[in-house]
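Okay, so the sequence shown: first residue is 15 according to the working numbering, each after it adds one.
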Amino acid sequence: MKGKVSLKAVCSALAAAVFSLTLIAPCAAEVTQDDLDDLDRQIREQEEVIAGIEDKTASNQEYLDALQKDLSLAEEKLQRTLDSIGELNDQIGQTEDEIAQQQEKIDSTYAQLAARLRSMYMNSQASPLAMLFSAKDYSTFLMSMELVSRTSAYDSKMIREYKDLIDEQNRQKAELDAQKSALETQRAQEQQEQQDMETKVSRQKELLAQLDADSQEAIAIQQQLEDQMDAYEEQIRQQAASGSHGDGKPSEEESGGETGGETGGESGNTDIEGADFAWPLMDVAYGSGAYISSDYGPRTDPYTGFHKGLDITCGGAQGKRICAARGGTVIVAAYGWNGGYGNYIIIDHGDGLSTLYAHCESLSVSVGEQVSRGQFIANVGNTGNSFGPHCHFEVRINGDHTNPRPYLSAYLG
Ligand SMILES: [Zn+2]
15 MKGKVSLKAV
25 CSALAAAVFS
35 LTLIAPCAAE
45 VTQDDLDDLD
55 RQIREQEEVI
65 AGIEDKTASN
75 QEYLDALQKD
85 LSLAEEKLQR
95 TLDSIGELND
105 QIGQTEDEIA
115 QQQEKIDSTY
125 AQLAARLRSM
135 YMNSQASPLA
145 MLFSAKDYST
155 FLMSMELVSR
165 TSAYDSKMIR
175 EYKDLIDEQN
185 RQKAELDAQK
195 SALETQRAQE
205 QQEQQDMETK
215 VSRQKELLAQ
225 LDADSQEAIA
235 IQQQLEDQMD
245 AYEEQIRQQA
255 ASGSHGDGKP
265 SEEESGGETG
275 GETGGESGNT
285 DIEGADFAWP
295 LMDVAYGSGA
305 YISSDYGPRT
315 DPYTGFHKGL
325 DITCGGAQGK
335 RICAARGGTV
345 IVAAYGWNGG
355 YGNYIIIDHG
365 DGLSTLYAHC
375 ESLSVSVGEQ
385 VSRGQFIANV
395 GNTGNSFGPH
405 CHFEVRINGD
415 HTNPRPYLSA
425 YLG
């Protein structure tokens, strides 16, 4: 049977795609509502995982921004310290130059004095130095001393002055050196702080990269789960159809890709049109509160594409009861996004006819369940691609959507 073959193909493709996941149902078995519920639970959990990663990423990015701000402040501070050290080095250099100049003057003055004393000693027995060394008594010695010192007084005075200057400049230089050494200590500290901060920034960047990788992985898992959900739903449709309805291909609401192209096949099943359909909004009659908020057919903004059903709603629609339009078998009862349908139900009525109820708040029937015409199946909600609580009601013939109006003509006129 054609249906069985493609089912197997779906299964093996599925097994390959989700091999790394904890699978809930072996592929050989029929897909049950429990499988769908379990998978839907996994999808919700995965959504939480993704949201958690997004939260972490946001707070860590915030921390990184703050760190980078601190780092640039630290860099500015260090630069100012380095500038101050540069200025001090200039001042120290200048002082050293001045000290060297004074030293040169001392050296040359001393050389002159030495030369003069030497020439006095060598040229004359009467020189003050000779007298000094040949002094016979203390008073002569003192006299000689006086002469020597007078001769050298000028030079000595100059040397003393130069010496004083050098002392002063050395004192200044020592002060500058002390300042410089304090600044060097500060610079070392600031460089250490900056390095620590750079380490923190790079660690933070690594953490964010890891979070990004985690996020991509989680999204990939989510995608696999959703693909599996799609495959399950397809499998359920095929199980229910058992090959008699051909391949009832899923056609999703508001998918945007079918602008006007599909007219939904004006059904050949005119014999069942209008026949015994119950009004889906079981507690609120059409015209007495219930109305059609969006008709079947091509739509324009804010929607795009072809609207595959009727949107039925009323004031305070949220939670109102939805019933099966006709008796049949539930072939889809799924929670989740479901391509925009949100929580939705498909009931197979036989003869290729099925009805769909989307955006439900909660579902009250399970796949495989037999339902009768007018039986409560779900509550009106706002799930999936919906902008306000309503029941999106579709009629399908062999899996293709058709205008539901003729089927509800008893109510809509
Ligand atoms: Zn709709």
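The beta-carbon is built from N, C-alpha and C at its ideal position, and this holds for glycine as well. This structure is a prediction, so every number in the text was calculated from the model and none was measured.
Taking the beta strand (DSSP E) that residue i belongs to, which residues open and close that run?
| i | result |
| --- | --- |
| L426 | Counting along the chain, L426 falls outside any beta strand (DSSP E), though it belongs to the alpha helix (DSSP H) covering 423–426. |
| T406 | According to the sequence displayed, residue 406 carries His and not Thr. Where H406 is concerned, the enclosing beta strand (DSSP E) stretches over 405–411. |
| Y355 | Careful: Y355 lies outside any beta strand (DSSP E) and carries neither H nor E. |
| T390 | The identity of residue 390 in the sequence shown is Phe, whereas the question assumes Thr. Counting along the chain, the beta strand (DSSP E) containing F390 begins and ends at 390–393. |
| G342 | 342–348 |
| T397 | Counting along the chain, T397 falls outside any beta strand (DSSP E), and DSSP gives it neither H nor E. |
| G325 | Sequence check: residue 325 is Asp here, not Gly. Segment 324–327, the beta strand (DSSP E) holding D325. |
| Y371 | 367–374 |
State yes or no: is the C-beta of residue i within less than 8 Å of the C-beta of residue j?
| i | j | result |
| --- | --- | --- |
| L380 | Q75 | A quick correction: the sequence has Ser, not Leu, at residue 380. No; because the gap between Cβ atoms is not below 8 Å, this pair is not in contact. |
| R335 | T369 | no |
| D362 | T343 | yes |
| D309 | L324 | yes |
| L92 | Q208 | yes |
| Q200 | T95 | yes |
| E371 | L50 | At residue 371 the sequence reads Tyr, which differs from the Glu that was named. Contact flag unset, no. |
| C328 | G303 | yes |
| L221 | I67 | no |
| E240 | I64 | no |
| I359 | I391 | yes |
| A292 | G388 | yes |
| M211 | L102 | no |
| G354 | G311 | no |
| V409 | P403 | no |
| I106 | K171 | no |
| G395 | Q332 | yes |
Just tell me which of the options has its CA closest to the CA of residue i.
| i | options | result |
| --- | --- | --- |
| N393 | I326, G354, V409 | I326 |
| L53 | A331, Q236, L426 | Q236 |
| S229 | E61, V215, Y425, E408 | E61 |
| E112 | Q384, T71, I345, N184 | N184 |
| L78 | E59, S216, E240 | S216 |
| H373 | G364, G356, S386 | G356 |
| N412 | D210, L367, G427, L87 | L367 |
| K219 | G388, S378, T71 | T71 |
| A125 | I173, A347, D49 | I173 |
| D191 | G100, G354, D84 | G100 |
| Y176 | I233, E212, Q116, S153 | Q116 |
| H406 | Q203, K322, D414 | K322 |
| S98 | A128, A80, A129, S195 | S195 |
| G301 | V409, G398, Y425, A227 | Y425 |
| T109 | G330, L81, F320, E189 | E189 |
| T213 | Q82, E375, E44, S400 | Q82 |
| L127 | I233, A232, Y168, Y349 | Y168 |
| E89 | D69, V346, S378, E204 | E204 |
Run through DSSP, which three-state label would residue i get?
| i | result |
| --- | --- |
| D244 | helix |
| N417 | coil |
| R217 | helix |
| Q253 | helix |
| G66 | helix |
| A292 | coil |
| R174 | helix |
| R130 | helix |
| Y310 | coil |
| R387 | coil |
| D51 | helix |
| L35 | Residue confidence is low: L35 scores 43 on pLDDT, short of 50, so the model does not pin down where it sits. Its coordinate-derived value is still stated next. Correct three-state label for L35: coil. |
| A304 | strand |
Mind checking if residue i is an interface residue toward chain C, Cβ cutoff 8 Å exclusive?
| i | result |
| --- | --- |
| G395 | The chain labelled as chain C is not found in the depicted structure, where only one protein chain is given. |
Per the contact definition of three or more C-beta pairs closer than 8 Å, is the stretch 243–255 in contact with the stretch 106–126?
no
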